[in-house]
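For the sequence shown, the working numbering begins at 22 and goes up steadily by one.
Idealized CB from N, CA, C, for every residue including glycine.
Fair warning: this is a prediction, and the values are worked out from it, not measured in the lab.
Structure record follows, encoded as structure tokens.
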Amino acid sequence: MTNNEKIRQIEHQLAELEDAPETRIREKIDLLNKLAWLLRDNDAKRSFALCNAAYSLSDGSDGSDQMYQAGIAYSLRTQGFLNMRAADYAEGLTQLHEAQEIFESLSLYDGLADVFFAINGIYFYLGDYPQALEMVYKQMEAAQHIGDRHRIADANNNLAYIYLAVGEQEQGMDLLKRNLPLAQEIKDERIECAIYIKLLQGYLEVGDYQSALEYGFRGLHKSRELGNKQFEMRAHGWLGQYYLGINDKAKTISHLEKALELSRKREAKVFEVLSLINMGQAYREFHQFDQAIEVLNLAEMIGQAISLKLNLFKCHLLQSEIYEELGDSTQALHYYKQYHAVKELVFNGNADQRLKMLQVVHETETAKKEAEIAHLKTIDLQQEIAERKQVELQLQHQLELAHALSTFKETLLAPVSTQHDKHRLLVDALQPLLKHIGASKAYLYENVDHPELGFSSRLIVDAPAPGISSSFDNPDSQSVIIPWSAVPDENRRRLAEGQPVGGLVRNLFAAAPSFRDYLLNEQHVLSVQFFPIQINDTWWGYIGFDDHIHEREWNENDILLLNTAVGIVKSTMQRWWAEDKLRELNQQLEEEVQKQTSELRKTVKLLQKEVNERKRAEAEIQHMV
Numbered sequence: 022m023t024n025n026e027k028i029r030q031i032e033h034q035l036a037e038l039e040d041a042p043e044t045r046i047r048e049k050i051d052l053l054n055k056l057a058w059l060l061r062d063n064d065a066k067r068s069f070a071l072c073n074a075a076y077s078l079s080d081g082s083d084g085s086d087q088m089y090q091a092g093i094a095y096s097l098r099t100q101g102f103l104n105m106r107a108a109d110y111a112e113g114l115t116q117l118h119e120a121q122e123i124f125e126s127l128s129l130y131d132g133l134a135d136v137f138f139a140i141n142g143i144y145f146y147l148g149d150y151p152q153a154l155e156m157v158y159k160q161m162e163a164a165q166h167i168g169d170r171h172r173i174a175d176a177n178n179n180l181a182y183i184y185l186a187v188g189e190q191e192q193g194m195d196l197l198k199r200n201l202p203l204a205q206e207i208k209d210e211r212i213e214c215a216i217y218i219k220l221l222q223g224y225l226e227v228g229d230y231q232s233a234l235e236y237g238f239r240g241l242h243k244s245r246e247l248g249n250k251q252f253e254m255r256a257h258g259w260l261g262q263y264y265l266g267i268n269d270k271a272k273t274i275s276h277l278e279k280a281l282e283l284s285r286k287r288e289a290k291v292f293e294v295l296s297l298i299n300m301g302q303a304y305r306e307f308h309q310f311d312q313a314i315e316v317l318n319l320a321e322m323i324g325q326a327i328s329l330k331l332n333l334f335k336c337h338l339l340q341s342e343i344y345e346e347l348g349d350s351t352q353a354l355h356y357y358k359q360y361h362a363v364k365e366l367v368f369n370g371n372a373d374q375r376l377k378m379l380q381v382v383h384e385t386e387t388a389k390k391e392a393e394i395a396h397l398k399t400i401d402l403q404q405e406i407a408e409r410k411q412v413e414l415q416l417q418h419q420l421e422l423a424h425a426l427s428t429f430k431e432t433l434l435a436p437v438s439t440q441h442d443k444h445r446l447l448v449d450a451l452q453p454l455l456k457h458i459g460a461s462k463a464y465l466y467e468n469v470d471h472p473e474l475g476f477s478s479r480l481i482v483d484a485p486a487p488g489i490s491s492s493f494d495n496p497d498s499q500s501v502i503i504p505w506s507a508v509p510d511e512n513r514r515r516l517a518e519g520q521p522v523g524g525l526v527r528n529l530f531a532a533a534p535s536f537r538d539y540l541l542n543e544q545h546v547l548s549v550q551f552f553p554i555q556i557n558d559t560w561w562g563y564i565g566f567d568d569h570i571h572e573r574e575w576n577e578n579d580i581l582l583l584n585t586a587v588g589i590v591k592s593t594m595q596r597w598w599a600e601d602k603l604r605e606l607n608q609q610l611e612e613e614v615q616k617q618t619s620e621l622r623k624t625v626k627l628l629q630k631e632v633n634e635r636k637r638a639e640a641e642i643q644h645m646v
């Protein structure tokens, strides 16, 4: 079913619910939210109106007494997404984080994936690629949790966009081409269209104009076929860049003007700025400097209003280069400073040396100007290479973490039956994670009622790094069973409430000096990070990680990785519990069947005996006759 068919179907269902009783209000809210989400690309105003109506019905502001949390969350998701598109990032983030909190509490992973998709978009447009990448991983995790192939394909696209944005065209395009068969297999034409347009961009950036044009026309045709003005706008923008590359002025301006027209009709400020910058670049190439300055100034004004750093620094660079060509060194320097001010925010670069040297050029106006500028460009290129390498290292680390989590999850999928095998499997899964976070040991404690120590935690899994001894090697170790009365009450309270606990041992256990000194002096533990495990709404125990080398606070990336790993362990333990329960029930059923079969055999034997006796009696009577 196409999007348009889905839209018509939901509109028909809503019409039938127009005079429906209050008992069906949630059904109406769900339909309003579904329709708003489907319309997000083509009719933003109507989409806003629909999700606002759903929100009003869900939070009771329409006069009803009850709140419908899921209805509120899906409404906020769409509002946040639309505000991301409208470049109202502050409002969008507020709505999306509120939706995220509700979705997490209700375990609604489809909504979570959409929320992370939209937050990724905000960070991407702001040029914060590490944060955008983190959101993509969360989007992927949520989509995979429910096996939603459409949302998985969306996450793949977003990861490819980040690759392209940081200059990794080969990896980005490879991911897009691998994602295309998936989009076609699941018949998601929206994602398929997005891939065509991004491949148009990628091939342009690597100079393959023939392939760029092929995918460009595919994207334009598909966007028109779907009636998707959002993607049609993007296709025109990149096709304009294609024709600029082959110096076809008429088609360049035609496509760019169409992209600008669509962006204004849709009030898509981000793409309006991008279209204006592209037109400025085109006018500059065609030596129409007045028109170029006019559209770039407009792009600058709109971009500053919506904090669009990603495209602002490109705009300032073009302005600087145009004024330099016109011989206006004052304006060239002004915009060059603006270019670096914004560029540093996006890429965390350091352009002090180039700026100082350009100021010298401006002040002296000597005959060495061209040579100096060439020298400065070399320095800038070196700085940009260093910046890209830094981004690549960050991306590589993120990808290594993602791969480590994937391996961790796959390891825990191995079939096991005994407790010993389960504990061994957890050790095998946890140990490879240690090197990625610089931890010395990982362990799993289960809460127990000890006959002598009272409420305690018992060590059941110990996974040390190479060179670190296991607590199981010393049967008398106090680390095997730890009474909760021996540790600070605050630590126990926070874990029981589902909160992680971590930090320096000397601070975290300051209220329990005896246990603190035991950890520091006998176990040589300097820092810890604990994550509670809740199973069936009960605090079951916790997973912990030690650092025997450094005193440190665990950073956000490490905590994110560990928290995800803990979530996988929780799911695995719940699966094991369900499998054990099923195995127990099967055993009981088998025993019952065997019992019934045995009784049936006895009954059959008795009946057979009785039949034989009757036959014998009948034979004797017959003989007597």
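Asked	Found
Could you name the residues of the same chain whose beta carbon sits closer than 8 Å to that of D175, not counting the 5 residues immediately before and after it, in chain order?	A134, F138, Q160, A164 and I212
May I ask you to report which of helix, strand or coil DSSP gives K410?	helix
Could you pull the DSSP bridge partners for D568 from this structure?	S548
Helix or strand or just coil, what does DSSP make of L433?	coil
Excluding five sequence neighbours on each side, which residues of the same chain lie with their C-beta closer than 7 Å to the C-beta of F536?	A507, V508 and F530
Taking E315 as the reference, give the member of I327, A326 and H337 with the closest Cα.	H337
Output the boundary residues of the beta strand (DSSP E) element that contains N468.	K462 to H471
Taking N589 as the reference, which of E282, K430 and L129 has the closest Cα?	Reading the sequence as shown, one finds Ile at residue 589 and not Asn. Cα-wise, what sits closest to I589 is K430.
On the DSSP bridge assignment, give the partners of V526 in chain order.	V526 pairs with nothing; no bridge assigned.
Roughly how many angstroms lie between the CA atoms of Q520 and L201, to the nearest whole one?	41 Å
For A388, count neighbouring C-beta atoms within 10 Å of its own C-beta (all shown protein chains included) and say buried if the count is 16 or more, exposed if not.	Note that A388 has pLDDT 42, beneath the 50 cutoff, so the model's placement of it is unreliable and the number below is only indicative. Exposed, since its Cβ has fewer than 16 Cβ neighbours within 10 Å.
Less than 8 Å separating the beta-carbons of A65 and S96?	no
Buried or exposed: which applies to L583, given that a residue is buried once 16 or more other Cβ atoms fall within 10 Å of its Cβ?	buried
From the DSSP output, in three-state form, read off R479 for me.	strand
Does the distance from the CB of A450 to the CB of T439 come in under 8 Å?	no
Taking G258 and A289 to be in contact with their CB atoms under 8 Å, please state how far apart those CB atoms are, rounded to whole angstroms.	At roughly 11 Å, the Cβ-Cβ gap does not stay under 8 Å, so G258 and A289 are not in contact.
Are the CB atoms of Y89 and I123 within a distance shorter than 8 Å?	no
Compute the Euclidean distance between the alpha carbons of L376 and K358, then round it to the nearest angstrom.	At L376 the pLDDT is 34, less than 50, meaning the model places this residue with poor confidence; the figure from the coordinates comes in the next sentence. L376 and K358: Cα-Cα distance of roughly 7 Å.
Given this structure, state the Cα-to-Cα distance separating V469 from S477, to the nearest angstrom.	5 Å
Would you call H441 buried or exposed, if buried means 16 or more other Cβ atoms sit within 10 Å of its Cβ?	exposed
With DSSP collapsed to three states, give me the class of A531.	coil
Using DSSP bridges, identify the partner residues of Y304.	Note: Y304 sits in no beta bridge, so no partner.
Could you tell me the distance, in whole angstroms, from the CA atom of Y150 to the CA atom of L180?	10 Å
Could you tell me the distance, in whole angstroms, from the CA atom of E155 to the CA atom of Y146?	15 Å
What is the C-beta distance between N104 and G92, in whole angstroms, given that I count them as a contact (C-beta under 8 Å)?	The pair is not a contact, with the Cβ atoms about 19 Å apart (cut-off 8 Å).
Looking only at DSSP bridge pairs, what is I489 linked to?	Answer is none; I489 lacks a bridge partner.
Take L297 and list the residues in its own chain whose beta-carbon comes closer than 6 Å to its own, dropping the five residues that flank it on each side.	V316, L319 and A320
Have a look at P42 and L60 and give me their C-alpha separation to the nearest angstrom.	26 Å
Would you check if there are 3 or more beta carbon pairs closer than 8 Å linking the region 28 to 42 to the region 221 to 233?	no
Does DSSP classify P521 as helix, strand or coil?	coil
Alpha carbon to alpha carbon, how far is E386 from A303?	Because E386 sits at a pLDDT of 42, beneath the cut-off of 50, its placement in the model cannot be relied upon, and the point is left open.
Rounding to the nearest angstrom, what Cα-Cα distance links A640 and V614 in this structure?	39 Å
Within this structure, are the beta carbons of R106 and A120 separated by less than 8 Å?	no
Determine, using beta carbons only, whether I31 and L52 come nearer to each other than 8 Å.	yes
What's the C-alpha gap between I406 and A186?	14 Å
According to DSSP, simplified to helix, strand and coil, what is G562?	strand
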